[in-house]
Structure formats: structure tokens, C-alpha cells
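Numbers given in this note's numbering equal positions in the sequence shown, counted from 1, plus 257.
C-beta atoms are modelled at their ideal positions from N, C-alpha and C, and glycine is treated no differently.
Quick caveat, the model's predicted, so the values are computed rather than measured.
Only one structure is covered here, and it is reproduced in the block below.
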Amino acid sequence: MKKIIIGALILIPAAVMALFFGTSSPEDKDESKNPDGDIILYYISVDGTSFCEVPYDFAKPGKIKAMAEEVLEQLKKVPENEECQASIPQSIVWSDVSLEEGNLVLDFTSSYNKLSDTKEVFLRASVVKTLVQLDGINSVEFKLNGTPLMNMADQPIGMMTAESFIDDSNANWGVAQDDVITLFYANQDGDRLVEEDARITVENNVPMEQEIIEKLIQGSDQEGYYSPVPEGTTVLKTVTKNGTCYVDLSEEFLNPMKEITPEVTIYAIVNSLVELSNVNKVQFTVNGNKVKKFRESIELDVSFDRNLDLLESQK
258 MKKIIIGALI LIPAAVMALF FGTSSPEDKD ESKNPDGDII LYYISVDGTS FCEVPYDFAK
318 PGKIKAMAEE VLEQLKKVPE NEECQASIPQ SIVWSDVSLE EGNLVLDFTS SYNKLSDTKE
378 VFLRASVVKT LVQLDGINSV EFKLNGTPLM NMADQPIGMM TAESFIDDSN ANWGVAQDDV
438 ITLFYANQDG DRLVEEDARI TVENNVPMEQ EIIEKLIQGS DQEGYYSPVP EGTTVLKTVT
498 KNGTCYVDLS EEFLNPMKEI TPEVTIYAIV NSLVELSNVN KVQFTVNGNK VKKFRESIEL
558 DVSFDRNLDL LESQK
């Protein structure tokens with residue numbers, strides 16, 4: 258079995274870098290108005306895979322914080338005659354906007370938690386790419402009820418710039434990845450693993466890790482190969498950082514499977530993911546929370562390495 262090298266990711270968390278946009282004042286910008294607008298508002302396309310760039314003029318440029326708040330309100334509206342959607346849903350509310358030495362801090366309420374994984378990333382990118390165009394805003398930081406917004410690895414996302422989101426705004430976000438990957442399923446007795454090479458194609462920002470697990474949930478067409486994951490399980494989020502793939506699954510994952518052992522379920526997922534070149538370990542959460550025991554027999558709040566001891570011998 259070989260490690261699979263996946264294509265370049267489009268969403269790449271970049272190191273925070275200060276951006277300097279000159280020293281012109283809002284009044285100077287108003288006097289030499291850009292025919293394409295004071296700034297570009299980055300809305301999300303209707304299909305949710307790219308951005309729409311819409312020029313915007315401030316009616317009366319003023320203080321940076323007030324202009325930032327005006328931009329946020331505009332991103333909650335759907336522009337006319339544009340094939341795009343509001344970047345910020347009406348249900349998403351922020352409680353505070355503050356500017357600290359060039360870093361604009363947006364503090365959202367718990368309504369932010371309602372966003373799907375993909376929508377959340379596009380919202381952040383839309384807001385950051387738009388706001389850093391304002392003179393005096395070098396970076397943007399998101400908070401949630403006063404606490405820094407965290408990634409799945411429980412680390413603060415921190416200050417973001419336009420370079421935190423690498424993309425081609427005139428094309429779909431996402432590079433199609435097409436690879437043949439070894440997937441591990443349950444055997445007929447449910448106590449061993451069987452392997453199958455499958456071609457997997459992903460695009461539009463769907464992580465390869467997520468697609469692999471969804472393939473395992475779906476099951477194989479090959480006779481004697483069974484899905485090792487409880488029916489109804491959904492992949493809530495996958496994030497790979499420093500060689501560890503953090504997998505967040507729905508609560509159905511904890512449901513017992515009479516025909517398949519807990520070890521087969523765990524290592525079918527782990528072994529399949531570790532086939533990727535960027536994954537060495539896998540760590541599970543359920544509904545965003547660590548769980549101590551999996552079906553009362555396996556410690557689940559630890560990182561799992563590849564385990565081929567369960568692989569059924571090939572005759």
C-alpha cells in the first residue's frame with residue numbers, strides 16, 4: 258500500500274503578516290474616487306463555490322470602525338443584478354466591533370455556531386478579503402462570545418489577512434483531486450478488514466479526508482465487503498494539522514453494530530485516512546466533543562496510528 262499525495266489545497270492557513278496600504282485618509286480616497294468603487298465587496302456565489310466581486314462606494318467615508326460596520330451590513334444584503342448570495346446570513350449577529358492597532362476584532366454571538374463548515378470558511382474569507390482593503394485595517398480576528406475562534410485542533414485561528422485565503426476569485430474555489438486510494442471495509446464476519454482500491458474525485462473544497470469517510474459509510478459494491486460505520490453517521494468536519502487528521506462525526510457513530518467489532522470500525526477509518534501522505538494519525542470527536550470510550554471497549558480520546566493486524570489474510 259502506498260501513501261497517496263493529494264493535490265494542493267486552496268484554503269491554506271497562512272502565517273499572519275502585517276499589510277500596509279499607504280497613509281491616505283478616507284477624505285483623500287473620496288476626492289480621487291476609484292471608478293470601480295471605493296472597495297470591492299466579496300460576496301459568495303449562488304452555488305457557494307466562489308466569490309462575486311461587487312464595487313462599493315461609501316456614501317460618506319468616515320472613521321474606520323464605522324466604515325467596517327457599514328461593510329458588514331452590506332455583506333448581509335444580496336446585491337441586485339448579481340448572481341451571488343449574502344456572505345453573512347441574517348441570523349448571524351456580532352456583539353462588538355473593535356479596532357486594535359490595525360487589527361479589527363469581530364465578536365460574534367453563539368449564532369455563529371449554526372454555520373456549516375464550508376459556509377463558515379467562505380464567510381470568514383469574504384469578510385477578511387473585503388475589510389483589509391480599508392486603510393487602517395491590516396488584519397481581522399474573529400471571536401465567539403469574547404473567546405478567540407478556534408479551529409478543530411483547538412488552536413486559535415488568530416489574525417487573518419487576505420493571504421490567509423489563497424484562491425482565484427474568478428474561478429471555483431477548490432482544485433479537483435482524482436486519486437486511487439486504498440479503502441478498508443469490514444469482511445463478511447465483521448471481525449477483520451478487507452482492502453479495496455477506489456478512485457476518489459473531490460472538488461469545490463471538499464476535503465479528501467471527508468470524502469474517504471463518506472465512501473466508507475456508503476459501502477462497497479464488492480461482494481463480501483461491508484460498511485464499517487454505523488448507518489446514519491455523517492461527517493461533520495475533518496481537519497488535518499501536523500500529520501493528525503481530526504475527524505468529527507455525528508452521534509450515530511457511537512451506535513452499536515452487532516455484526517462488526519469496534520476495532521474494525523475504528524481502524525477501517527484510520528487505515529484509510531493514513532493512506533494519504535499528509536496523515537499519520539487520526540483523532541476522533543463526536544458532535545465536537547471528545548468521548549472517552551467507544552462502545553465501552555476502546556479508548557477514543559487518543560490518537561490512532563495505522564494498524565494492519567486486523568487485515569484479513571489474502572488467499
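C-alpha distance - residue i paired with residue j, whole-angstrom precision
i                 : j                 : result
valine 559        : methionine 324    : 46 Å
leucine 363       : tyrosine 300      : 18 Å
valine 587        : lysine 317        : A question about residue 587 goes unanswered here, because the residues of the chain that appear run from 258 up to 572.
glutamate 569     : proline 405       : 46 Å
valine 492        : lysine 320        : 43 Å
alanine 354       : isoleucine 517    : For the record, residue 354 in the displayed sequence is valine; it is not alanine. For valine 354 and isoleucine 517, the distance between alpha carbons rounds to 51 Å.
proline 312       : glutamine 331     : 11 Å
aspartate 374     : serine 367        : 15 Å
isoleucine 349    : phenylalanine 365 : 8 Å
proline 336       : arginine 381      : 19 Å
valine 453        : glycine 447       : According to the sequence displayed, residue 453 carries glutamate and not valine. Roughly 16 Å between the two C-alpha positions.
leucine 567       : serine 534        : 22 Å
phenylalanine 510 : asparagine 444    : 19 Å
isoleucine 555    : valine 548        : 10 Å
lysine 371        : lysine 515        : 34 Å
aspartate 562     : phenylalanine 308 : 38 Å
valine 437        : glycine 393       : 48 Å
valine 459        : glutamate 532     : 16 Å
asparagine 512    : arginine 552      : 8 Å
threonine 439     : phenylalanine 541 : 20 Å
serine 421        : serine 383        : 11 Å
serine 352        : arginine 449      : 52 Å
serine 302        : serine 344        : 9 Å
leucine 356       : aspartate 295     : 20 Å
glutamate 377     : lysine 498        : 18 Å
aspartate 304     : asparagine 402    : 30 Å
valine 504        : tyrosine 369      : 21 Å
glutamate 310     : glutamate 340     : 10 Å
lysine 550        : glutamate 508     : 13 Å
lysine 472        : cysteine 502      : 17 Å
leucine 557       : isoleucine 526    : 13 Å
leucine 204       : threonine 306     : Because the chain in this structure spans residues 258 to 572, residue 204 falls outside the shown range and cannot be described.
valine 463        : glutamate 358     : 36 Å
isoleucine 470    : aspartate 435     : 16 Å
aspartate 411     : phenylalanine 379 : 20 Å
serine 477        : lysine 322        : 54 Å
Outcome for residue i when other beta-carbon atoms lying within 10 angstroms are tallied against a minimum of 16
i              : result
glutamine 599  : For residue 599 there is no data in the structure shown, the boundaries of the chain being 258 and 572.
leucine 388    : buried
threonine 490  : buried
valine 397     : buried
arginine 456   : exposed
glutamate 468  : buried
threonine 280  : Summary for threonine 280: the model assigns pLDDT 29, below 50, so the residue's position carries little reliability; its value from the coordinates is reported in the next sentence. When all chains shown are included, threonine 280 counts as exposed.
leucine 565    : exposed
glycine 431    : For glycine 431, the predicted model reports a pLDDT of 47, less than 50, meaning its position is unreliable; a value from the coordinates is still stated below. Answer is buried; the Cβ neighbour count reaches 16.
proline 413    : exposed
lysine 494     : buried
methionine 465 : buried
lysine 400     : buried
asparagine 395 : buried
Contact check, residue i vs residue j, beta carbons under 8 Å
i                 : j                 : result
leucine 506       : valine 543        : yes
threonine 418     : valine 451        : no
asparagine 546    : phenylalanine 441 : no
lysine 333        : glutamine 342     : no
glycine 500       : asparagine 537    : yes
isoleucine 204    : glutamine 390     : Beyond the ends of the chain as shown, which are 258 and 572, falls residue 204; an answer cannot be given.
phenylalanine 315 : glutamate 327     : yes
asparagine 573    : methionine 416    : Residue 573 lies beyond the stretch modelled for the chain, which goes from 258 to 572, so this question has no answer here.
Per DSSP, cross-strand counterpart(s) of residue i
i                 : result
alanine 443       : Leu450 and Tyr483
phenylalanine 510 : In DSSP, phenylalanine 510 forms no bridge with anything.
aspartate 505     : Lys494 and Thr542
lysine 320        : Answer is none; lysine 320 lacks a bridge partner.
tyrosine 313      : Ile296
alanine 343       : DSSP output for alanine 343 lists no bridge partner at all.
arginine 573      : The requested residue 573 is not part of the displayed model; the chain covers only 258 to 572.
isoleucine 470    : Answer is none; isoleucine 470 lacks a bridge partner.
proline 405       : Lys400
phenylalanine 365 : Trp351 and Leu401
isoleucine 301    : Phe308 and Gln342
Cβ contact check for the region 522-530 and the region 468-486: 3 or more pairs under 8 Å: yes
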